[in-house]
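*Asks:* Below you will find the structure I want to go over with you.
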Amino acid sequence: MIGSGESLGEMLAHAWHILPFALMFAVPVVLLGGLALYLLRRGSLASTMTILVLIPVFATLIAVLGISGFMFTPALTTMTLVCLLVALVTVPAALVLGRVIARRSVWEREARERERAAEASRRELVAWISHDLRSPLAGIQAMAEAVADGVVAEPIEVTGYARRISGETTRLSGMVGDLFELSRITAGALRLTMASVPLRDVVSDAVAAQVPLAEQKRVRMVENADVWPVVSGSDPELARIVRNLVSNAVRHTPPDGTVAVQIGIEGGEALLAVSDGCGGIPDDEIGRVFDVAFRGTTARTPERGGLASGGGLGLAIAKGLVEAHRGRIGVRNHGPGCRFEVRLPLAMP
1 MIGSGESLGE MLAHAWHILP FALMFAVPVV LLGGLALYLL RRGSLASTMT
51 ILVLIPVFAT LIAVLGISGF MFTPALTTMT LVCLLVALVT VPAALVLGRV
101 IARRSVWERE ARERERAAEA SRRELVAWIS HDLRSPLAGI QAMAEAVADG
151 VVAEPIEVTG YARRISGETT RLSGMVGDLF ELSRITAGAL RLTMASVPLR
201 DVVSDAVAAQ VPLAEQKRVR MVENADVWPV VSGSDPELAR IVRNLVSNAV
251 RHTPPDGTVA VQIGIEGGEA LLAVSDGCGG IPDDEIGRVF DVAFRGTTAR
301 TPERGGLASG GGLGLAIAKG LVEAHRGRIG VRNHGPGCRF EVRLPLAMP
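So that you can map any letter, position 330 of the sequence shown is 330 in UniProt numbering, and since no number is skipped, the others follow by simple counting.
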């Protein structure tokens, strides 16, 4: 026992004498703790931190008890009680901190995964849009040079080239507009002017705008409405959502197919459903339908007849606009094709 009146040298001598015994009792506890950590290496972070807290507490307690020969003097009893009290305080703290750190670790891992996915999506978007912009620009340049050099001189041919240049310019303008809209959504710069909007007007106008494209492809348009709800939203953005979904459905429906637009109320929300005859979406692709620049095909050339949608941004924009309205959008295979469902909050009476 170290006395209170001993010099520093005597205390160091006593400590050197006690050290082997302290290690003899403490090391087994540390080894058992290490074994427990190994066995629970796939367990929760809270259990790992609890063991890490208990190892030094119990190692200290066992070493003190072993060196004292388990002779419970007042000093030893006090030391034992202090160790137990420390364990009672630190173990719950370790559990709480372990859960907090575990949640933070999960959140950070998910944030890193989202960041990697966003970066991959941006790279893919840049690559695809660069290709899609280059194609019409090359065509416009070639046709303009042909007219300027006199290669095309007949009035009918010049008119045809001018019409094709106008069509390519319109397609480029649409792609640039989609990019601008998507950039506003992803940057959080979208500002909605919320009001009570009747879905009847929005859907009717959007469907009417797609009738020429549907007639060109010989696709039949059908509207069904149990009720016509009034939703809380911004009229231009809601029209963009419906227009993107309907145009996407018309584009992917084969000739003599049907595109059905259904309106109703389900679960206290307004339901807008657009069904097409695309033949269904493969299970390994259905989760990527709303990804930026995803088209569901490796072909990057536009369809004949000017039916291409540009950079494949329509569904990504629709998803961003729906979420900006605090709504939800989803897709599932249904009948001869797939069914896109949009749920929006109803306007307050």
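Glycine included, each C-beta is placed from N, C-alpha and C at the ideal position.
Small disclaimer: the values here were computed from a predicted structure and weren't measured.
With the cut-off set at 8 Å, would you say residue 26 and residue 62 are in Cβ contact?
*Replies:* Within the sequence shown, numbered from 1, the residue matching residue 26 stands at position 26. Within the sequence shown, numbered from 1, the residue matching residue 62 stands at position 62. Yes.
*Asks:* Taking just the CA atoms, how far does residue 146 sit from residue 338?
*Replies:* Locating residue 338 in the sequence shown gives position 338, where the first residue counts as 1. Locating residue 146 in the sequence shown gives position 146, where the first residue counts as 1. One C-alpha to the other measures close to 44 Å.
*Asks:* With hydrogens ignored, establish whether the beta-carbon of residue 41 is closer than 7 Å to any heavy atom of the ligand SAH.
*Replies:* Of the ligands one can find in the structure shown there are none, so the ligand SAH has no counterpart to examine.
*Asks:* Using the Cα positions of residue 257 and residue 215, report the straight-line distance between them to the nearest angstrom.
*Replies:* In the sequence shown, the residue the question calls residue 257 occupies position 257. In the sequence shown, the residue the question calls residue 215 occupies position 215. C-alpha separation (whole angstroms): 11 Å.
*Asks:* Would you call residue 344 buried or exposed, if buried means 16 or more other Cβ atoms sit within 10 Å of its Cβ?
*Replies:* Reading the sequence shown from its first residue, position 344 is the one you call residue 344. Buried is the call here.
*Asks:* Buried or exposed for residue 340, please, with buried defined as at least 16 other CB atoms from any protein chain shown within 10 angstroms of its CB.
*Replies:* Walking along the sequence shown from the start, residue 340 turns up at place 340. It counts as buried.
*Asks:* Tell me which same chain residues have a C-beta within less than 8 Å of the C-beta of residue 197, skipping the five on either side of it?
*Replies:* Mapped onto the sequence shown, residue 197 falls at position 197. 230, 231, 232, 233, 234, 235, 238, 347, listed in sequence order.
*Asks:* Check residue 68 in the structure and name its three-state DSSP category.
*Replies:* The residue labelled residue 68 in the question sits at position 68 within the sequence shown. Coil, per DSSP.
*Asks:* According to DSSP, simplified to helix, strand and coil, what is residue 275?
*Replies:* Walking along the sequence shown from the start, residue 275 turns up at place 275. Three-state DSSP puts residue 275 in a strand.
*Asks:* Let me check understanding here. Comparing Cα to Cα, which of 261, 139, 181, 153 lies closest to residue 167?
*Replies:* Taking the sequence shown and counting its residues from 1, one reaches residue 167 at position 167. Of 261, 139, 181, 153, the residue nearest in Cα terms is 139.
*Asks:* Excluding sequence positions up to five away, which residues of its chain have a Cβ less than 7 Å from the Cβ of residue 241?
*Replies:* Along the sequence shown, read from residue 1 onward, the residue named residue 241 stands at position 241. Taken in chain order, the residues that qualify are 318, 321, 322, 342.
*Asks:* Quick one: any contact between the stretch 116-124 and the stretch 147-166, if contact means 3 or more CB pairs under 8 Å?
*Replies:* In short, these stretches do not touch, since the Cβ pair count stays below three.
*Asks:* Would you report the Cα separation of residue 151 and residue 314, rounded to the nearest angstrom?
*Replies:* As a working mapping, residue 151 is identified with position 151 in the sequence shown. As a working mapping, residue 314 is identified with position 314 in the sequence shown. About 38 Å.
*Asks:* Cα separation between residue 116 and residue 324?
*Replies:* Indexing the sequence shown from 1 puts residue 116 at position 116. Indexing the sequence shown from 1 puts residue 324 at position 324. Answer to the nearest angstrom: the Cα atoms are 23 Å apart.
*Asks:* Compare the C-beta of residue 255 against all C-beta atoms of chain B and say whether one is closer than 8 Å.
*Replies:* Absent from the structure: chain B. Only one protein chain is present.
*Asks:* For the stretch 43-116, which segments carrying the alpha helix (DSSP H) assignment without a break, of at least 4 residues, lie completely within its bounds, in sequence order?
*Replies:* Listed in chain order, they are 45-67.
*Asks:* State the CB to CB distance for the pair residue 29 and residue 90, rounded to an integer number of angstroms; the pair is presumed to be in contact (CB under 8 Å).
*Replies:* Reading the sequence shown from its first residue, position 29 is the one you call residue 29. Reading the sequence shown from its first residue, position 90 is the one you call residue 90. So it is not a contact: roughly 16 Å between Cβ atoms.
*Asks:* Does DSSP put residue 152 in a helix, a strand or coil?
*Replies:* For this step, residue 152 is matched to residue 152 along the sequence shown. Correct three-state label for residue 152: coil.
*Asks:* Under 8 Å, with one C-beta from each stretch per pair, do the stretch 262-275 and the stretch 245-252 reach the 3-pair mark?
*Replies:* In short, these stretches touch, since the Cβ pair count reaches three.
*Asks:* Please report the straight-line C-alpha distance between residue 118 and residue 33, rounded to a whole angstrom.
*Replies:* Position 118 of the sequence shown, counted from the first residue, corresponds to residue 118. Position 33 of the sequence shown, counted from the first residue, corresponds to residue 33. Each residue's Cα considered, the two are about 42 Å apart.
*Asks:* Identify every run of the alpha helix (DSSP H) within the stretch 219-282, keeping only runs that are complete inside it and at least 4 residues long; order them along the chain.
*Replies:* 235-252, all fully within the stretch 219-282.
*Asks:* Spatial neighbours of residue 305 within its chain, please: CB distance less than 6 Å, with the 5 preceding and 5 following residues excluded, ordered by chain position.
*Replies:* Taking the first residue of the sequence shown as 1, we reach residue 305 at position 305. Residue confidence for residue 305 is low, a pLDDT of 43 falling below 50, so the modelled location carries little weight; the figure read from the coordinates is stated next. Nothing listed; no residue qualifies.
*Asks:* Using DSSP's beta-bridge definition, name the partner residues of residue 144.
*Replies:* Taking the sequence shown and counting its residues from 1, the one referred to as residue 144 is at position 144. None; residue 144 has no bridge partner.
*Asks:* With DSSP as the reference, label residue 40 as helix, strand or coil.
*Replies:* Against the sequence shown, residue 40 aligns to sequence position 40. In the structure shown, residue 40 sits in coil (DSSP, three-state: anything other than H, G, I, E or B).
*Asks:* From residue 207 to residue 243, what does the alpha carbon distance come to, in whole angstroms?
*Replies:* Taking the sequence shown and counting its residues from 1, one reaches residue 207 at position 207. Taking the sequence shown and counting its residues from 1, one reaches residue 243 at position 243. Using only the alpha carbons, I get a separation of about 7 Å.
*Asks:* From the DSSP output, which residues share a beta bridge with residue 179?
*Replies:* Your numbering for residue 179 matches position 179 in the sequence shown. According to DSSP, residue 179 bridges with nothing at all.
*Asks:* For residue 198, write down the residues that DSSP places opposite it in a beta bridge.
*Replies:* Against the sequence shown, residue 198 aligns to sequence position 198. In the DSSP output, where bridge partners are listed per residue, residue 198 has 230.
*Asks:* Buried or exposed: which applies to residue 298, given that a residue is buried once 16 or more other Cβ atoms fall within 10 Å of its Cβ?
*Replies:* Working through the sequence shown from its first residue, we reach residue 298 at position 298. Any answer about residue 298 is weak, because its pLDDT of 42 lies below 50 and its placement is not dependable; what the coordinates show is given next. Answer is exposed; the Cβ neighbour count stays below 16.
*Asks:* Assign residue 308 to one of two classes, buried (16 or more other C-beta atoms within 10 Å of its C-beta) or exposed (fewer than that).
*Replies:* Mapped onto the sequence shown, residue 308 falls at position 308. Legend: pLDDT at residue 308 = 44, less than 50; position of this residue unreliable, value from coordinates given subsequently. It is buried - the Cβ of residue 308 has at least 16 other Cβ atoms within 10 Å.
*Asks:* Let me check one thing: in DSSP terms, what residues is residue 330 bridge-paired to?
*Replies:* Here the question's residue 330 lines up with position 330 in the sequence shown. Looking at the DSSP assignment, residue 330 forms a beta bridge with 341.
*Asks:* Are at least three pairs of beta-carbons, each pair with one atom in the stretch 260-268 and one in the stretch 221-230, less than 8 Å apart?
*Replies:* Cβ pair count under 8 Å is three or more, so yes.
*Asks:* When you compare only the Cα positions, how much space is there between residue 336 and residue 202?
*Replies:* To locate residue 336, count along the sequence shown from 1; it is residue 336. To locate residue 202, count along the sequence shown from 1; it is residue 202. Approximately 26 Å between the Cα atoms of the pair.
*Asks:* By Cβ distance below 8 Å, which residues in the same chain neighbour residue 333 in space, the five residues on each side in sequence not counted?
*Replies:* Against the sequence shown, residue 333 aligns to sequence position 333. So the qualifying residues of the chain are 280, 281, 286, 339.
*Asks:* Any idea if residue 31 is buried or exposed, counting beta-carbon neighbours within 10 angstroms, 16 or more meaning buried?
*Replies:* Locating residue 31 in the sequence shown gives position 31, where the first residue counts as 1. It counts as exposed.
*Asks:* What residue range is occupied by the uninterrupted alpha helix (DSSP H) comprising residue 324?
*Replies:* For this step, residue 324 is matched to residue 324 along the sequence shown. Taken as a continuous stretch (DSSP letters only), the alpha helix (DSSP H) holding residue 324 covers 314-324.
*Asks:* Closer than 7 Å by C-beta to residue 87: which residues in its own chain qualify, once you throw out the five before and the five after it? Chain order, please.
*Replies:* For the purposes of this step, residue 87 is taken as the residue at position 87 of the sequence shown. Once the five neighbours on either side are set aside, the close Cβ partners of residue 87 are 54, 57.
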